[in-house]
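Just so it is clear: in the sequence shown, position 73 is 720 by the numbering used here, and no numbers are missing.
Take a look at the structure below.
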Amino acid sequence: MSNTIQFGSITFPRNGVLASGILGVTGASMTRVAESGAGGITCKSISKVRRKGHPTPVIQAYEHGLVNAVGLSSIGVEDTMEELRHVRQNTDAVIIASIFSGNIDEFGETAALIDDKVCDAIEINISCPNVSDEFGLPFCANPQLSGQIVRRVCDNTKLPVLVKLSPNFPNIGILAKTCQDNGASGITAINTVGPGMLIDIHTFRPKVSNKRGGVSGPGILPVAIRCVYDIYNAVDIPIIGMGGVTTAEDAIQMIAAGATVYGVGTGVLYGGMEIFGNINEGIEKYLSEMNMKYGELIGAAHRF
Ligand SMILES: Cc1cc2nc3c(=O)[nH]c(=O)nc-3n(C[C@H](O)[C@H](O)[C@H](O)COP(=O)(O)O)c2cc1C
Numbered sequence: 648m649s650n651t652i653q654f655g656s657i658t659f660p661r662n663g664v665l666a667s668g669i670l671g672v673t674g675a676s677m678t679r680v681a682e683s684g685a686g687g688i689t690c691k692s693i694s695k696v697r698r699k700g701h702p703t704p705v706i707q708a709y710e711h712g713l714v715n716a717v718g719l720s721s722i723g724v725e726d727t728m729e730e731l732r733h734v735r736q737n738t739d740a741v742i743i744a745s746i747f748s749g750n751i752d753e754f755g756e757t758a759a760l761i762d763d764k765v766c767d768a769i770e771i772n773i774s775c776p777n778v779s780d781e782f783g784l785p786f787c788a789n790p791q792l793s794g795q796i797v798r799r800v801c802d803n804t805k806l807p808v809l810v811k812l813s814p815n816f817p818n819i820g821i822l823a824k825t826c827q828d829n830g831a832s833g834i835t836a837i838n839t840v841g842p843g844m845l846i847d848i849h850t851f852r853p854k855v856s857n858k859r860g861g862v863s864g865p866g867i868l869p870v871a872i873r874c875v876y877d878i879y880n881a882v883d884i885p886i887i888g889m890g891g892v893t894t895a896e897d898a899i900q901m902i903a904a905g906a907t908v909y910g911v912g913t914g915v916l917y918g919g920m921e922i923f924g925n926i927n928e929g930i931e932k933y934l935s936e937m938n939m940k941y942g943e944l945i946g947a948a949h950r951f
């Protein structure tokens, strides 16, 4: 594997992106993830101003992953830029600012506040499944509306714009194509699956306070691989492939489906921060055994 990976106009110093929402609030934790081998870090999705999430408990583990309903708590753009400045000064990782909002105007205003000297890209989160009580259906349920948001964000930033998509609505390929047609430079897929639910069998109370939550971790890997495969068929822009990746074999499948780089969220909680270094080592060993170049692996499953 070559040391750097070209992702449109963005150069990743190495493979592996920290997914939004996991260790993505403080500059110190994001810096540690980058130092442990991640090529890119994504901050937890931020709103224009500070907002509270759902009351606890917001995360529950089960045998194959997590159910979470954190509810998009956010420290706001200004404080997050301060934290990301720390990451910029201390690492070579690509910095992705994930943003969300409840309306198109505010998406544009939030994008305009992202410092292009600190961040390398903006990721638009239009796919969070566990805030429907506050925002109605996620925007990505409606491709036309999604396209308008992408266009508005692109009009308000010089940075490349990535769009984070959900597996929970029909035809993720059409949605990805609409994002590309409206100016997106890349796609991040997937956000959590569901929503799902876990129930305490003694009290019969749903285990997260919001009752429903997004499902992540190893159990969603096949859904994520299929989504990346469908997106690759539909667009020409690069993809960050995530959802259930915990091993080099998972990441290799994601890349063969069409991802240019892989991402890990829940896997960091399973495998620690060194998961990126371990996966990258595994990919390198695999490529040397297969006598393949990294570029030949991207989308390799599409020859069938
Ligand atoms: C606790 C938690 C919080 C998350 N918060 C966000 C978020 O703020 N923004 C976002 O776009 N995705 C968020 N996600 C989704 C992840 O970024 C990722 O897309 C998803 O979990 C699938 O990847 P994984 O199986 O590797 O975790 C969150 C996931 C978890 C588990």
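By construction, the Cβ of each residue, glycine as well, lies at the ideal position given by its N, Cα and C atoms.
Since this is a predicted model, take the numbers as computed values, not measurements.
CB-CB length for residue i against residue j, believed under 8 Å
i: residue 877; j: residue 820; result: 4 Å
i: residue 890; j: residue 870; result: 7 Å
i: residue 941; j: residue 895; result: Actually they are not in contact, since the Cβ atoms of residue 941 and residue 895 sit about 13 Å apart, beyond 8 Å.
i: residue 746; j: residue 722; result: With a Cβ gap of about 13 Å, residue 746 and residue 722 do not count as contacting.
Whole-angstrom distance between residue j and residue i, CA atom to CA atom
i: residue 648; j: residue 773; result: Legend: pLDDT at residue 648 = 45, less than 50; position of this residue unreliable, no value from coordinates given.
i: residue 807; j: residue 656; result: 8 Å
i: residue 906; j: residue 854; result: 34 Å
i: residue 669; j: residue 862; result: 14 Å
i: residue 944; j: residue 660; result: 18 Å
i: residue 822; j: residue 667; result: 20 Å
i: residue 918; j: residue 814; result: 24 Å
i: residue 927; j: residue 758; result: 32 Å
i: residue 695; j: residue 689; result: 17 Å
i: residue 687; j: residue 671; result: 11 Å
i: residue 845; j: residue 713; result: 10 Å
Beta carbon of residue i nearer than 9 Å to that of residue j
i: residue 882; j: residue 834; result: yes
i: residue 664; j: residue 717; result: no
Nearest to residue i (by Cα), restricted to the options the options
i: residue 811; options: 803, 832 and 802; result: 832
i: residue 730; options: 696, 765, 702 and 700; result: 765
i: residue 735; options: 674, 700 and 792; result: 674
i: residue 756; options: 792, 733, 930 and 693; result: 693
i: residue 946; options: 902, 893, 680 and 912; result: 902
i: residue 892; options: 841, 872, 652 and 671; result: 872
i: residue 699; options: 921, 720 and 715; result: 720
i: residue 818; options: 880, 885 and 828; result: 880
i: residue 826; options: 804, 792, 843 and 850; result: 792
i: residue 864; options: 849, 912 and 841; result: 912
i: residue 703; options: 678, 857 and 829; result: 857
Run of the alpha helix (DSSP H) containing residue i, from where it starts to where it stops
i: residue 758; result: 751-759
i: residue 790; result: 790-802
i: residue 895; result: 895-904
i: residue 932; result: 922-937
i: residue 811; result: Segment 808-812 is the beta strand (DSSP E) holding residue 811; no alpha helix (DSSP H) there.
i: residue 868; result: 868-881
i: residue 944; result: 941-944
Residue interval of the beta strand (DSSP E) (run including residue i)
i: residue 744; result: 741-746
i: residue 769; result: 768-772
i: residue 835; result: 833-836
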